Amino acid sequence: MSAVLEKPPIWQRAAPMFQGFDGPLAFAVFLLACAGLLVMYSSGFDHGTRFRDHGRNMLIAGAIMFVVAQISPQRLMSLAVPLYTVGVALLVAVAVFGIAKKGARRWVNVGVVIQPSEIMKIAMPLMLAWWFQKREGHLRPLDYVMAVLLLVAPVGLIMKQPDLGTSLLVLAAGLSVIFFAGLSWKLILPPLAVGLVALVLLVVFESQLCAPGVSWGILHDYQQQRVCTLLDPTKDPLGKGFHIIQGMIAIGSGGLLGKGFMQGTQTHLEFIPERTTDFIFAAFSEEFGLVGNLCLIGAFVFLILRGLAIALEASTLFSRLLAGAITMIFFTYAFVNMGMVSGILPVVGVPLPFISYGGTAMVTLGLGLGILMSIAKAKRLVQT
């Protein structure tokens, strides 16, 4: 009788929580986390407690990933509308009585000070995936219009703060869902063509458009300055162009194999601004060179391909759209960060996933990974 009532060991009771975890995805994250800790130690060992705090943030993100992975996709779908509604309400609260710092109104006090725009990075793809799941099998053009409206409202509120970097991430996540839901290429190609023409005209007429006193109207002054600085950073090499110029110098000086671990002169002589956050890719490039960059990019490509594979294998439309959008968030983070540090995109304050210092971004990444793990687990458990 006692043998029947005896509880199994704790490891046997905990084992089901680990079943179905996606090994290749976990391996990709492990590689990126190791790279992040390595470069953070080099660039931040003399920067207060950055290295220790970065490790702590990684552990928190890992715990969040593990907890979220236990939530089924069906349960996640039920959270879509409430989370989106709360997120938009908080963005409105920011616009009305938010806390302003350094000329930006991005925070609100609800007992604790939070940045609601971070919620929308996850709430947006959840909401749109829910929207298309409910209309599976009988999608109409009006449904896509409504999806765009659901996307434009929070993106507009975030841009108003202003926060161009976060608004781009939320926009990319939402557009990914709409694209994966089957939006026709006939509707995608015209905006791309217009954007390409606008880019060419911007480069050709840079001297006139970026002349003193010229205002574009559609962008804030600081955003216009960032675009103009990207086009010609040498106009203000010790001011607005300093970040881009120093980032490119660090990347170029790394050469093929890099200067070696903790041997980066641009990094340790503090020429690279924000060397532990937005511009950490420059510090990594200087010390590990082109070979290190290719390895890092390879790890990101592996992570993205694995996320897309999870999306492709998902059993429901909601899971497929959500996994695809979360994966594209990782792609956008990495592409925009590397692009702005390399001088091919404007500086917009987007961190490099798992590499850059930042607690809020790490929590968002943990949530995203947890969702991917949840979708992968659901598929594997169905198969078994």
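For the sequence shown, position 198 matches number 198 in UniProt numbering, and the numbering has no gaps at all.
Heads up, the beta-carbon is just placed ideally off N, CA and C, and yes, glycines get one too.
A quick note: this is a predicted structure, and the numbers were derived from the prediction, not measured.
- Straight-line spacing of the CA atoms in F21 and V92 works out to 38 Å.
- For A334, same chain residues with a beta-carbon under 7 Å away, outside a window of 5 residues either side, are F300, L352 and P353 in chain order.
- The residue among V110, L303, M338 and H54 with its C-alpha nearest the C-alpha of M328 is L303.
- Sequence-distant Cβ neighbours of A311 in its own chain, meaning closer than 7 Å and more than five residues away, are R320, A323, G324 and T327.
- Rounded to whole angstroms, the gap between the alpha carbons of A123 and G87 is 7 Å.
- If the five residues before and after S356 are omitted, its C-beta is found closer than 6 Å to the C-beta atoms of T277 and I280, all from its own chain and listed in chain order.
- Excluding five sequence positions before and after P116, the CB atoms of its chain that fall closer than 7 Å to its own CB belong to G87, L90, L91, V94 and V108, given in chain order.
- Every alpha helix (DSSP H) of 4 residues or more that sits fully in the stretch 46-101 is shown, in chain order, as 50-69, 73-78 and 80-97.
- A distance below 8 Å separates the beta carbons of I251 and S285.
- A residue is called buried once 16 or more other Cβ atoms fall within 10 Å of its Cβ, and W130 is buried on that count.
- Taking C-beta atoms under 8 Å as the contact rule, L83 and I119 qualify, at a distance of about 7 Å.
- Your pair V347 and M340 checks out as a contact, with CB atoms roughly 5 Å apart and the cut at 8 Å.
- In this structure, the beta-carbon distance from Y144 to L171 does not fall below 8 Å.
- In the DSSP annotation of this structure, V108 is not part of any alpha helix (DSSP H); the continuous beta strand (DSSP E) holding it starts and ends at A104 to N109.
- Cα atoms of K102 and P162: separation of roughly 11 Å, rounded to the nearest angstrom.
- Counting C-beta pairs with one atom in each stretch, the stretch 149-163 and the stretch 191-201 have fewer than three that are closer than 8 Å, which means they do not touch.
- Exposed is the label assigned to F205, since fewer than 16 other Cβ atoms lie within 10 Å of its Cβ.
- Membership of H243 in the alpha helix (DSSP H) is indicated by the continuous run F242 to S253.
- Counting only residues of its own chain and dropping the five nearest sequence neighbours on each side, G255 has a CB closer than 6 Å to the CB of G289.
- In this structure, DSSP gives I272 a state outside helix and strand, which the three-state scheme calls coil.
- The way I'd put it, the stretch 210-228 doesn't touch the stretch 181-197; fewer than three beta-carbon pairs between them come closer than 8 Å.
- Per DSSP, A28 is one residue of the alpha helix (DSSP H) stretching across G23 to G44.
- Taking L169 as reference, the option from T234, T364, I371 and S374 with the minimal CA-CA separation is T364.
- Of the residues assessed, H138 falls on the exposed side of the cut-off, its CB having fewer than 16 other CB atoms within 10 angstroms.
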